[in-house]
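Participant: This is the structure I have questions about; it appears just below.
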Amino acid sequence: MKFDPDTIVAPNSSHQGSSHRGRPRQFCPDAALTAALKVFWERGYEGASMAELTEAMGITKPSLYACFGNKEALFRKALDLYEKEKLAYVRAGLTAPTAKGVAEAFLRGSLAMQTGNDPRGCLSVVSAVACTNYADSIRDEITSLRLATDRAIIERFERARDEGDFPPDVDPAAMAHYLTAILQGMTVQARSGATPAELERLVATTLAIWPGR
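Sequence positions in the sequence shown follow UniProt numbering and run 1 to 213.
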């Protein structure tokens, strides 16, 4: 009789399982997904092999397929987790009272992430750069996320213009794209070995030359 060598256990489950020899191993889907996110973040979508993913997640390939689907489905779930947990500062930043406050929240949030315990760089940037034509669906997913974020920033900056927060000659869309370019540049520099002090200077310089209040 065949059996799956891994048993999925919900978080905080009190299931103890059998104590006899050869009992099925247990794993927490949330912890496994967090581990997969780290691998994708460090290696990019195509750079992350199934062997690396299953080893980091502590499960077998059949169990990965049973719980998460294929590699592409796993990446989509990891990307959702990344957006929800790691990019929370983006949603919070959009509620800042001024455009400069939005920029500072984004820059400080990115700085904290790039100098903390997470992998350096940005999951979206790392995966988009590494993807080839064989991963068009993944590239489309990442592009969709980026465009949604861009639209949200542009709309916020258009409101800033209407409220007199920006000088009248400032283009809200251009400022949104400028901020995005700075954020992407920070992730690339962090991945290339830039120090926290160097990234901090970039943040300070950007805020010093920011137009408006």
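Don't be surprised by glycine CBs; every beta carbon is placed ideally from N, CA and C.
Please go through the same chain and pick out, in chain order, the residues whose beta-carbon is closer than 6 Å to the beta-carbon of residue 110, but skip the five residues on each side of it.
Facilitator: Hits under 6 Å: 183 and 186.
Participant: So the candidates are 137, 204, 30 and 161; which of them puts its Cα closest to the Cα of residue 64?
Facilitator: It is 30 whose Cα lies nearest to the Cα of residue 64.
Participant: Any contact between the segment 66–81 and the segment 36–54? By contact I mean 3 or more CB pairs, one from each, below 8 Å.
Facilitator: Counting Cβ pairs under 8 Å, three or more are found: they touch.
Participant: Specify the secondary structure class of residue 166 as computed by DSSP and reduced to three states.
Facilitator: Looking at residue 166 - three-state DSSP - the assignment turns out to be coil, as it is neither helix nor strand.
Participant: For the alpha helix (DSSP H) containing residue 182, list its first residue and its last residue.
Facilitator: Here the alpha helix (DSSP H) through residue 182 covers 172–191.
Participant: Counting only runs that start and end within the segment 135–159, where is the beta strand (DSSP E) found for 3 or more residues in a row?
Facilitator: Fully enclosed beta strand (DSSP E) runs of 3 or longer: not present.
Participant: Measure the C-alpha to C-alpha separation of residue 3 and residue 86 and round it to an integer number of angstroms.
Facilitator: Residue confidence is low: residue 3 scores 34 on pLDDT, short of 50, so the model does not pin down where it sits. Its coordinate-derived value is still stated next. Answer to the nearest angstrom: the Cα atoms are 36 Å apart.
Participant: Which residue from 66, 49, 104 and 119 puts its Cα closest to that of residue 193?
Facilitator: Looking at the Cα atoms, 119 is the closest of the given residues.
Participant: Please specify which runs of the alpha helix (DSSP H), each continuous and at least 4 residues long, are wholly inside the segment 41–87, giving them in chain order.
Facilitator: The qualifying runs are 50–57, 61–68 and 71–81.
Participant: Can you name, in chain order, every residue of its own chain whose Cβ lies under 7 Å from the Cβ of residue 104, other than the five neighbours on each side?
Facilitator: Taken in chain order, the residues that qualify are 207.
Participant: Express the C-alpha separation of residue 201 and residue 45 in angstroms, rounding to a whole number.
Facilitator: If I take the Cα positions, the gap works out to 31 Å.
Participant: Once the 5 residues before and after residue 203 are set aside, which same chain residues still bring their CB inside 6 Å of it?
Facilitator: For residue 203, where only same-chain residues beyond five positions count, the Cβ hits under 6 Å are 107 and 111.
Participant: Using the C-alpha atoms, what's the distance from residue 181 back to residue 42?
Facilitator: Looking at the two C-alpha atoms, the distance is approximately 21 Å.
Participant: When the Cα of residue 96 is compared with those of 150, 159, 71 and 199, which residue comes out closest?
Facilitator: Nearest C-alpha to residue 96: 159.
Participant: Quick one, which of 76, 73, 66 and 28 has its alpha-carbon nearest residue 56's?
Facilitator: When only C-alpha atoms are compared, the closest one is 28.
Participant: Report the rounded CA-to-CA distance for residue 116 versus residue 171, giving the unit in angstroms.
Facilitator: When rounded, the distance between both Cα atoms is 33 Å.
Participant: Residue 213 and residue 165: beta carbons closer than 8 Å?
Facilitator: Yes, the pair counts as a contact, with Cβ atoms nearer than the cut-off.
Participant: Can you list, in chain order, the residues of its chain whose CB lies under 6 Å from that of residue 91, leaving out five sequence neighbours each side?
Facilitator: Hits under 6 Å: none found.
Participant: Can residue 153 and residue 174 be called in contact, C-beta distance under 8 Å?
Facilitator: For residue 153 and residue 174, no; Cβs fall outside 8 Å.
Participant: For the alpha helix (DSSP H) containing residue 108, list its first residue and its last residue.
Facilitator: First-last of the alpha helix (DSSP H) with residue 108: 99–114.
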